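K.L.:
For reference, the structure I am asking about is given below.
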Amino acid sequence: MEMNEIILYKLKMRMKNPFTTSFGTEQDRIFLLVEAKDANGRSGWGEGVASERPLYSEEFTQQSWYMLEQFLIPEVIHRKMDHPNDLQAIFQPYKRNHMAKAALEGAVWDLYAKQNNQSLSQALGGSKNKIEVGISLGIEDSYAKLLENIQGKVNEGYKRIKIKIKPGKDIEVVREVRKHFPSIPLMVDANSAYTLRDIDVLKALDEFDLMMIEQPLAAGDLIDHAKLQKEIKTPVCLDESIHSYNDARQAIELGSCKIINLKIGRVGGLTESKRIHDLCEQAGIPLWCGGMLESGVGRAHNIAIASLANFTLPGDTASSSRYWEKDIIDPEVVAEQGVLTVNDCPGIGYNVLMNELEKHTMEKKVFTK
Ligand code: OSB
Ligand code: MG
112 MEMNEIILYK
122 LKMRMKNPFT
132 TSFGTEQDRI
142 FLLVEAKDAN
152 GRSGWGEGVA
162 SERPLYSEEF
172 TQQSWYMLEQ
182 FLIPEVIHRK
192 MDHPNDLQAI
202 FQPYKRNHMA
212 KAALEGAVWD
222 LYAKQNNQSL
232 SQALGGSKNK
242 IEVGISLGIE
252 DSYAKLLENI
262 QGKVNEGYKR
272 IKIKIKPGKD
282 IEVVREVRKH
292 FPSIPLMVDA
302 NSAYTLRDID
312 VLKALDEFDL
322 MMIEQPLAAG
332 DLIDHAKLQK
342 EIKTPVCLDE
352 SIHSYNDARQ
362 AIELGSCKII
372 NLKIGRVGGL
382 TESKRIHDLC
392 EQAGIPLWCG
402 GMLESGVGRA
412 HNIAIASLAN
422 FTLPGDTASS
432 SRYWEKDIID
442 PEVVAEQGVL
452 TVNDCPGIGY
462 NVLMNELEKH
472 TMEKKVFTK
């Protein structure tokens with residue numbers, strides 16, 4: 112495939128509201144975009160989803176920038192490639208840094224799909240043209256605010272509500288939510304905040320009929336998650352623990368989870384996402400697509416991957432307007448009654464608004480052949 116220029120952008124975009132998890136609060140998203148261009152004027156786009164600080168995982172924006180600038184883009188710009196799948200072997204010597212790799216790989220996948228006049232969903236083997244989505248709500252200081260947030264999103268038709276929990280803000284919060292919303296599809300996400308010493312709290316959550324508990328224990332704790340899953344009825348869903356096909360294989364083999372939240376950035380790109388999808392499909396492990404508070408570019412990639420058959424549970428890809436006053440893509444992503452339509456235009460199927468992008472650009476670097 113032909114590619115003659117790669118542009119790296121660092122953006123700062125302020126979200127409408129702060130988003131609080133067990134690991135911290137974020138309102139300004141500082142993230143990367145990668146644009147891969149060919150001689151015919153086509154552009155492929157990818158998003159680097161790391162946050163400014165390494166709180167969710169070890170990656171952070173400036174580290175991704177350095178990885179891309181010093182290693183990944185220089186490896187790729189002079190290379191002859193037939194297919195985006197070739198990038199796995201090219202990136203393989205560089206350890207981890209999955210979000211940096213996924214940003215470039217995503218741009219190359221988008222360009223590849225556009226060069227072949229296919230939608231990204233088609234290029235990936237997607238089979239659905241509608242996907243169901245839920246919403247992820249941050250921790251709030253007051254019950255009133257949380258309940259109001261939930262009511263608003265239930266009214267908008269989101270297919271499930273996810274609330275964040277942390278030690279001291281768990282059982283009583285869920286009890287309060289269930290009191291007001293006895294039958295909504297509800298789940299909780301702990302973002303690694305517990306250990307097996309907290310097993311009584313995690314067991315107590317069984318009474319609330321939760322769809323799942325997402326990442327209760329630390330990222331490396333596959334064995335402890337397996338022990339926990341044996342003790343609780345609520346299905347465990349892994350997020351931070353799954354960085355690769357191999358992580359997914361071992362988690363399934365150990366019984367560490369019954370569900371996986373797939374994030375393209377966390378696993379190093381779309382090729383690895385597809386491999387994990389196929390593995391989980393065979394193993395009978397349902398998937399859903401997680402979110403990293405993405406701009407429209409990352410959101411479009413999430414929609415494309417979620418169109419694969421085994422993404423059977425509602426994901427976190429909410430409407431653009433849930434995050435942004437104005438997104439950087441046209442049209443914006445709009446969930447109608449919790450349903451997104453998968454685009455069939457070439458590539459990601461959304462136009463990047465260059466004037467909006469420039470408004471938020473802090474730094475930009477052009478790499479040419
Ligand atoms: O754990 O899924 C998570 C946001 C940032 C980092 C980690 C997570 C999240 C979310 C929000 O839950 C997902 C979204 O709305 O994009
Ligand atoms: Mg999570």
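Counting from 1 along the sequence shown, just add 111 to a position and that's the residue number in the numbering used here.
All C-beta atoms in this analysis are idealised placements derived from N, C-alpha and C, irrespective of residue type, glycine included.
It should be emphasised that the depicted structure is a prediction, and the values quoted were computed from it without experimental measurement.
1. Do Val265 and Ile242 have their CB atoms nearer than 8 Å?
2. Please classify Val378 as buried or exposed, where buried requires at least 16 other C-beta atoms within 10 Å of its C-beta.
3. Classify Phe422 as helix, strand or coil using the three-state DSSP reduction.
4. Quick one, are the C-beta atoms of Val453 and Ile414 less than 8 Å apart?
5. So what does Leu122 bridge to, in DSSP terms?
6. In terms of residue numbering, what span does the beta strand (DSSP E) encompassing Asp300 cover?
7. In its own chain, which residues sit with a C-beta less than 8 Å from the C-beta of Phe134, not counting the 5 before and 5 after it?
8. For Asp335, which residues of its own chain have a beta-carbon under 7 Å away from its beta-carbon, when the five flanking residues on both sides are left out?
9. Please indicate yes or no: does the CB of Tyr167 lie closer than 7 Å to some heavy atom of the ligand OSB?
10. Mind reading off the beta-carbon distance from Gly152 to Gly458? Whole number of angstroms is fine, and I expect it under 8 Å.
11. Taking Ser432 and Arg410 to be in contact with their CB atoms under 8 Å, please state how far apart those CB atoms are, rounded to whole angstroms.
12. If you follow the beta strand (DSSP E) that Cys348 is part of, which residue opens it and which one closes it?
13. When the Cα of Ala359 is compared with those of Ile246, Glu342, Val219 and Glu392, which residue comes out closest?
14. Might you give, ordered along the chain, the residues of its own chain that have their beta carbon closer than 6 Å to the beta carbon of Leu257, omitting 5 neighbours on each side?
15. Based on the DSSP secondary-structure assignment, which residues constitute the bridge partners of Lys273?
16. Quick one: give me the first and last residue of the alpha helix (DSSP H) that Leu179 is part of.
17. Verify the contact flag: Glu383, CB atom, against every heavy atom of the ligand MG, threshold strictly below 7 Å.
18. Does the stretch 160-180 come within contact of the stretch 201-209, defined as at least 3 CB pairs closer than 8 Å?
19. Just to confirm, does Met403 get its C-beta within under 7 Å of one of the non-hydrogen atoms of the ligand OSB?
20. Tell me whether Gln262 counts as near the ligand MG, meaning its Cβ is closer than 7 Å to at least one heavy atom of that ligand.
21. Tell me, which residues are paired with Val89 by DSSP?
22. With a Cβ-Cβ cutoff of 8 Å, do Leu404 and Thr428 count as a contact?
23. Distance check for Pro278 and Leu390, CA to CA, integer angstroms please.
24. Between which residues of its own chain and Asp149 is the CB-CB distance below 7 Å, once the five residues before and five after are set aside?
25. Are the stretch 137-148 and the stretch 280-297 in contact at 8 Å, needing three or more beta carbon pairs?
P.N.:
In brief:
1. no
2. buried
3. coil
4. yes
5. Phe142 and Thr472
6. Leu297 to Asp300
7. Leu166, Tyr167, Asn302, Ser303 and Ala304
8. Leu307 and Leu328
9. yes
10. That pair is no contact at about 13 Å.
11. About 11 Å separates the two Cβ atoms, so there is no contact after all.
12. Val347 to Leu349
13. Glu392
14. Glu251
15. Ser247 and Met298
16. Careful: Leu179 lies outside any alpha helix (DSSP H) and carries neither H nor E.
17. no
18. yes
19. yes
20. no
21. Coverage of the chain is limited to positions 112 through 480, which leaves residue 89 absent and any answer about it impossible.
22. no
23. 33 Å
24. Glu113, Met114, Asn115, Leu222 and Gln226
25. no
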